[in-house]
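Q:
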Ligand SMILES: [Zn+2]
């Protein structure tokens, strides 16, 4: 099941809503469905429980029971087929068949919680959220531009600033920041999903940090090996040039050890030399040998 579906499953389980908030939620569901006009009221969802919730809410608030059809693709298409019923719903929410374009009618809100319930309805109708494991993205796909602008205003009341774009003639209101998505999920009442979201985010951060650390260590190791190989190469030339014979015994020993162990780190060279020289001592001698090889 997608994360979006599990959020919606959580939302339709909510029970503690007062009458005014149920009304506001039903308004959000209806207004932000696929169609909401005197000519068509429709809504499509993959989830049968969301379809049932939509119908129950609309019926509970307006007395009109929408019809559900299952499409060939297995989606639930909800429609209010009778014009009389559509007008009843339309007028119930304070809209008129003469309305030229839709706006959000604020008379459908009674208390502060009503706005949250409304947003819950809107999310159930036209919202989706990506699995936080994959990416941080929550969006509302709105059919009408005026409604999209009105929805942005309501969301902004909660001190959230959504982004806006167009896709396939639809208006997309979306969030990319994880904290904003968490806030929005909390506002609409998906508290368990919010916790899941936050835990996933922390796990992801930790994994990224470990990867970054591993990458850093790997890069360091590669640098050491590279330097060792270059030294071994230079020391072989040094040996071939005859300068080797003029070296002190300590330098001769280190020169041979490096040629035999090109990938060894300074600490490893220390060990091979029986810890008789410090790391900085070895570093100093290696530099001397490199300088001599260049002469
Ligand atoms: Zn209320």
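Residue numbers (the working numbering): 32 to 326. C-beta atoms are modelled at their ideal positions from N, C-alpha and C, and glycine is treated no differently. Bear in mind that the values here come from a model prediction, so they are computed numbers and not experimental data.
1) Hey, is the segment 107 to 127 in contact with the segment 39 to 49, meaning 3+ C-beta pairs nearer than 8 Å?
2) Run through DSSP, which three-state label would residue 72 get?
3) My output table needs one value for residue 135: the three-state DSSP class, helix, strand or coil.
4) Applying the criterion that 16 or more other CB atoms from any shown protein chain within 10 Å of the CB defines a buried residue, is residue 209 buried or exposed?
5) Output the boundary residues of the beta strand (DSSP E) element that contains residue 26.
6) In three-state terms, what does DSSP make of residue 141?
7) Rounded to whole angstroms, how far is the Cβ of residue 71 from the Cβ of residue 99, which I believe are closer than 8 Å?
8) Can you give the Cα-Cα distance for residue 206 and residue 180, rounded to whole angstroms?
9) Is residue 144 a contact residue of ligand 1, with contact defined as CB to any heavy atom under 7 Å?
10) Would you kindly work out how many angstroms separate the C-alpha atoms of residue 138 and residue 54, rounded to a whole number?
11) Are the CB atoms of residue 158 and residue 58 within a distance shorter than 8 Å?
12) Could you tell me which residues DSSP pairs with residue 110 in its beta bridges?
13) Just to confirm the assignment, what range does the alpha helix (DSSP H) spanning residue 215 have?
14) Thinking C-beta only, is residue 219 closer than 8 Å to residue 150?
15) Got a sec: does ligand 1 put a non-hydrogen atom nearer than 7 Å to the Cβ of residue 221?
16) Ordered along the chain, which non-local residues of its own chain (more than five positions away) have a Cβ less than 7 Å from that of residue 324?
17) Buried or exposed: which applies to residue 76, given that a residue is buried once 16 or more other Cβ atoms fall within 10 Å of its Cβ?
18) Could you pull the start and end residues of the alpha helix (DSSP H) that residue 54 belongs to?
19) Do you know offhand how far residue 125's Cα is from residue 56's?
20) Can you confirm whether residue 110, when its beta carbon is compared against all beta carbons of chain D, has any partner nearer than 8 Å?
A: Inspection of the coordinates gives the following:
1) Verdict: no, contact absent.
2) It is a strand residue.
3) Three-state DSSP puts residue 135 in coil, outside helix and strand.
4) Residue 209 counts as buried, since no fewer than 16 other beta carbons sit within 10 angstroms of its beta carbon.
5) The chain is shown only over 32 to 326; residue 26 falls outside these bounds and no answer can be derived.
6) Under the three-state reduction of DSSP output, residue 141 falls in the coil class, being neither helix nor strand.
7) Taking a contact as a CB-CB distance under 8 Å, the pair residue 71 and residue 99 does not count as one, their CB atoms being some 15 Å apart.
8) Rounded to the nearest angstrom, the two C-alpha atoms are 15 Å apart.
9) Indeed, a heavy atom of ligand 1 lies less than 7 Å from the Cβ.
10) Distance from the CA of residue 138 to the CA of residue 54, rounded to the nearest whole angstrom, comes to 11 Å.
11) In terms of Cβ geometry, residue 58 and residue 158 do not form a close pair [threshold 8 Å].
12) Note: residue 110 is bridge-paired with 73 and 98 in the DSSP secondary-structure output.
13) For residue 215, the uninterrupted alpha helix (DSSP H) segment begins and ends at 209 to 218.
14) The answer is yes: Cβ separation under 8 Å.
15) Flag unset: Cβ of residue 221 not near ligand 1.
16) Excluding positions up to five away in sequence, the list reads 265, 266, 268 and 269.
17) Only buried fits residue 76, as 16 or more other CB atoms lie within 10 angstroms of its CB.
18) Per DSSP, residue 54 is one residue of the alpha helix (DSSP H) stretching across 50 to 62.
19) If I take the Cα positions, the gap works out to 15 Å.
20) Looking for chain D here will not work: only one protein chain is present.
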